[in-house]
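These notes concern the structure reproduced below.
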Amino acid sequence: MRKKIPIITIILLSLIGSNLTISLISSNPIPITKSKPPQITLKAIALIDRISPHYVNVLSNHLNRIYITLDIEYLNRSEFYNQLYNEHDFDIFCMDLILDKSDVDFSNLYSSEGFYNIFGYDPMMDYLEFHEMGLNDLYLKEGTFLPINSEESIEHYWNWQNYLMSDILPLKPLFTYEEISASWSNLMGFNGTKGLLESWGDMWWDGLHVNQNSTSEIIIGDHQWLNLNPLYQYDSASNFISKACLDPLFWIEGYAHPFENNTENLWLHLVEDYFVLNETHLRLKLREGIKWQLDPDGLFSNEFLDVEDVYFTLYCWKHLSKDKNLYQWIKDMKIIDKYTLDIFVDNDPSTSICEPYANVFSKLNVLILPEHFLNQTQLPADEVTPDIAHSSWEKYSSNCFGTGLFMINNYTNGVETNLQIFDNCWWLNDTLTNDTKLNFENRFGTFDHGLDELCIKINEDPITNILEFSIGNIDEVSIANLDDEKEWFINDNNYTTQAFQRNSLVFFGYNLREDRTYIGDRSYSSRNPAITRGLALRKAISYAIDRSEINVLFHKNEAEYNDHPIYSTMDIYCSPNINRYYFDLDKALDYHIMADFQVPTTPNGLENWQKVLFVISGFVGLNVVIFTSYIVIKIRKKRIR
24 MRKKIPIITI
34 ILLSLIGSNL
44 TISLISSNPI
54 PITKSKPPQI
64 TLKAIALIDR
74 ISPHYVNVLS
84 NHLNRIYITL
94 DIEYLNRSEF
104 YNQLYNEHDF
114 DIFCMDLILD
124 KSDVDFSNLY
134 SSEGFYNIFG
144 YDPMMDYLEF
154 HEMGLNDLYL
164 KEGTFLPINS
174 EESIEHYWNW
184 QNYLMSDILP
194 LKPLFTYEEI
204 SASWSNLMGF
214 NGTKGLLESW
224 GDMWWDGLHV
234 NQNSTSEIII
244 GDHQWLNLNP
254 LYQYDSASNF
264 ISKACLDPLF
274 WIEGYAHPFE
284 NNTENLWLHL
294 VEDYFVLNET
304 HLRLKLREGI
314 KWQLDPDGLF
324 SNEFLDVEDV
334 YFTLYCWKHL
344 SKDKNLYQWI
354 KDMKIIDKYT
364 LDIFVDNDPS
374 TSICEPYANV
384 FSKLNVLILP
394 EHFLNQTQLP
404 ADEVTPDIAH
414 SSWEKYSSNC
424 FGTGLFMINN
434 YTNGVETNLQ
444 IFDNCWWLND
454 TLTNDTKLNF
464 ENRFGTFDHG
474 LDELCIKINE
484 DPITNILEFS
494 IGNIDEVSIA
504 NLDDEKEWFI
514 NDNNYTTQAF
524 QRNSLVFFGY
534 NLREDRTYIG
544 DRSYSSRNPA
554 ITRGLALRKA
564 ISYAIDRSEI
574 NVLFHKNEAE
584 YNDHPIYSTM
594 DIYCSPNINR
604 YYFDLDKALD
614 YHIMADFQVP
624 TTPNGLENWQ
634 KVLFVISGFV
644 GLNVVIFTSY
654 IVIKIRKKRI
664 R
């Protein structure tokens with residue numbers, strides 16, 4: 024009887040193991056990977072706006088074709104930005120990005136130190152020992168030495184784009200939207216290309232439209248603003264209010280403005296004149312008689328713009344702002360007199376000579392801050408750096424003021440922001456605006472039509488904005504990306520529509536950070552040692568995206584395709600040889616296979632104790648072989664006997 028116990032034991036173990044294996048596999052099947060890549064799951068986030076959720080839903084279908092499951096999270100504005108800038112818990116995101124840019128340097132978006140480095144690029148992805156930086160960072164840095172619009176500059180930025188999109192691939196560009204503005208037809212003088220602020224002096228109401236109560240105000244809708252201090256803001260709603268209340272040094276139209284005297288598209292504004300003394304020395308002469316608006320505390324009622332305000336503002340951009348890395352070219356500043364400032368440039372402090380910086384004017388095109396209000400106390404360490412813990416800084420972030428056309432009159436949280444004309448604004452002072460270099464009246468109008476108030480209703484839902492406009496509660500609205508509504512407004516005589524190009528990037532972005540298991544994987548593929556697994560996966564996704572389907576579904580096939588990581592409106596700077604990642608399912612599958620992700624040895628979703636039993640049960644096949652061999656041997660022995 025004792026000799027039969029091993030046989031019974033083997034039988035029982037085999038049966039138990041077989042049943043356990045079948046049970047575990049039936050509830051957690053292992054993917055078959057003979058001719059296809061493994062099924063993986065990625066996380067996507069989408070801002071709840073009028074188009075992003077639709078894009079991401081279509082993307083999910085596209086990626087299913089190459090065995091990628093997309094787990095989608097739909098977020099409101101604050102949640103979405105928190106993920107982009109702080110949490111980074113995503114693999115893919117969809118975005119329509121509008122940066123207030125006037126040059127071709129996109130360092131703030133693509134460099135490792137850029138505030139808008141939402142993709143998570145870091146120098147370890149392409150580190151160069153000799154230069155002690157990543158190749159992508161080096162490209163961006165070297166571009167700032169080259170004269171604007173020179174052949175050398177254009178070729179350099181072509182090479183950078185080609186490298187970025189082939190070897191890093193932080194995004195898949197989609198479209199460039201045509202902006203379409205709709206306004207009630209009784210609003211005269213509005214120029215959609217110039218915008219409300221620049222059109223204000225030319226506008227007036229010809230009677231009242233439905234539900235309109237006043238001809239002295241214009242009502243628009245926008246998202247909730249987040250921070251009204253230009254040093255720290257990143258959202259368009261905040262930027263719009265700041266630009267309405269504060270003035271820049273220059274008024275730049277277009278991005279073609281080399282560092283030289285009398286450059287095209289560079290209009291004087293707070294600056295009365297400027298002098299390029301040499302390629303690293305600039306002198307600014309400020310306009311006199313420009314009055315500041317009253318501060319929120321009512322302490323400074325008779326302040327006028329002077330050189331201290333400009334010095335203070337540029338100092339803050341270099342040392343305190345979100346984009347301080349973009350202002351390290353300011354070597355020094357020297358106050359010559361109350362209205363004259365010298366700026367010394369050095370784009371590379373590591374060399375013995377001062378190096379030029381190509382984008383001086385675009386970076387100087389900042390909104391000027393009130394030094395008298397924000398510089399009331401300084402840090403004890405150097406007695407120079409402003410103390411941002413002072414109460415004035417917190418107040419300014421929610422109640423900005425400047426020398427601009429508008430001042431904040433009232434704000435109701437979550438409801439509306441009310442701006443009114445600053446009566447003492449220099450824009451309305453003929454003795455200042457008659458400067459022939461300004462060409463002010465032709466550019467900004469006469470301001471004599473009675474408009475004195477701008478009301479900004481806070482509407483987070485873009486559809487609500489459209490509905491409010493259609494019933495007359497809002498006077499002007501963007502209808503881009505809303506094809507059905509667009510046709511309706513275009514064909515209705517109650518409304519006026521204007522179409523124009525805008526600077527925007529519409530794209531699917533990828534999280535390059537190394538902690539993302541798949542899309543950020545920096546180990547090299549065993550199938551192609553020249554490419555990382557993460558890059559191979561990003562290429563697979565890019566080839567799997569069918570933009571033409573998205574275009575037909577949501578834009579009646581009218582959206583303009585963009586293949587570049589910069590604005591398509593930058594024309595000559597857009598590389599003609601860029602990798603365009605046209606839809607190609609075969610290439611997408613090839614790159615996913617090249618990514619070479621390993622299938623887990625146990626099915627997904629098992630508890631630890633289940634994994635242990637699964638491994639044990641994996642020996643069932645061996646047990647059966649042993650058992651069969653044992654029986655055969657016993658039978659043979661009996662026959663021999």
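Position one of the sequence shown corresponds to residue 24 (this note's numbering), numbered consecutively onward.
Even glycine gets a Cβ: it sits at the ideal position worked out from N, Cα and C.
DSSP places H304 inside the beta strand (DSSP E), whose first and last residues are H304 to L309.
In this structure, the CA atom of R570 is about 39 Å from the CA atom of W290. M188 sits buried, since 16 or more C-beta atoms from the chains shown fall within 10 Å of its C-beta. Here the stretch 140-151 lies against the stretch 531-539, with 3 or more beta-carbon pairs under 8 Å apart. Here L307 has V294, Y297 and L364 as same chain residues with Cβ atoms under 6 Å from its own Cβ, once five neighbours each way along the sequence are excluded. Between the alpha carbons of E96 and S549 lies a distance of about 33 Å. Distance from the CA of N185 to the CA of S598, rounded to the nearest whole angstrom, comes to 7 Å. Y186: member of the alpha helix (DSSP H) spanning E174 to Y186, first to last residue. Rounded to the nearest whole angstrom, the C-alpha separation of Q316 and E581 is 45 Å. Around the beta-carbon of Q106, 16 or more other beta-carbon atoms lie within 10 Å, marking it buried. Judged by beta-carbon spacing, K357 lies beyond the 7 Å limit of D329, meaning their Cβ atoms are not closer than that value. In the DSSP annotation of this structure, the continuous segment of the beta strand (DSSP E) that includes N433 starts and ends at F429 to T435. With a cutoff of 7 Å on beta-carbon distance, D607 and Y566 are scored as near each other. Separation of P372 and N433 (C-alpha to C-alpha, rounded to the nearest whole angstrom) is 46 Å. In the DSSP annotation of this structure, the continuous segment of the beta strand (DSSP E) that includes N441 starts and ends at E439 to I444. Between L210 and E499 the beta-carbon gap is near 7 Å, inside 8 Å, which marks them as a contact. A contact is defined here as three or more CB-CB pairs under 8 Å, and the stretch 415-430 meets this definition with respect to the stretch 239-255.
For Y162, the enclosing alpha helix (DSSP H) begins and ends at L158 to G166. In the DSSP secondary-structure assignment, D94 is bridged to K66. A residue is called buried once 16 or more other Cβ atoms fall within 10 Å of its Cβ, and N87, having fewer, is exposed. When the beta-carbon positions are compared, K314 and F335 stay at least 7 Å from each other. Within the DSSP bridge table, the entry for A205 names V500 and T520 as partners. K345 counts as buried, since no fewer than 16 other beta carbons sit within 10 angstroms of its beta carbon. Ranked by Cα distance from I171, the first of D126, I91, N348 and L442 is D126.
N105 carries a helical assignment under DSSP once its states are collapsed to helix, strand and coil. Look at the beta carbons and you see the stretch 197-217 touching the stretch 524-531: at least three pairs across the two are nearer than 8 Å. For Y133 and H154, the gap between their C-alpha atoms comes out near 18 Å.
When DSSP states are grouped into helix, strand and coil, I554 belongs to the coil group.
When E331, V333, I359 and N370 are compared, the shortest CA-CA separation from N348 is found for N370. Cβ atoms of V383 and F282 come within 8 Å of each other, at about 5 Å.
Taking C-beta separations shorter than 6 Å and ignoring five residues to either side along the sequence, the partners of Y139 in its chain run N131 and L132, following chain order.
Annotated as proximal: L387 and L272, with beta-carbon spacing under 7 Å. Contact annotation: the stretch 227-236 does not touch the stretch 551-561, with fewer than three C-beta pairs closer than 8 Å.
Between Y518 and S206 the beta-carbon gap is near 7 Å, inside 8 Å, which marks them as a contact. Bounds of the beta strand (DSSP E) holding V529 are L528 to Y533. A distance below 6 Å between beta-carbons, with the five flanking residues on each side excluded, links G137 to the following residues of its chain, in chain order: S130 and N131.
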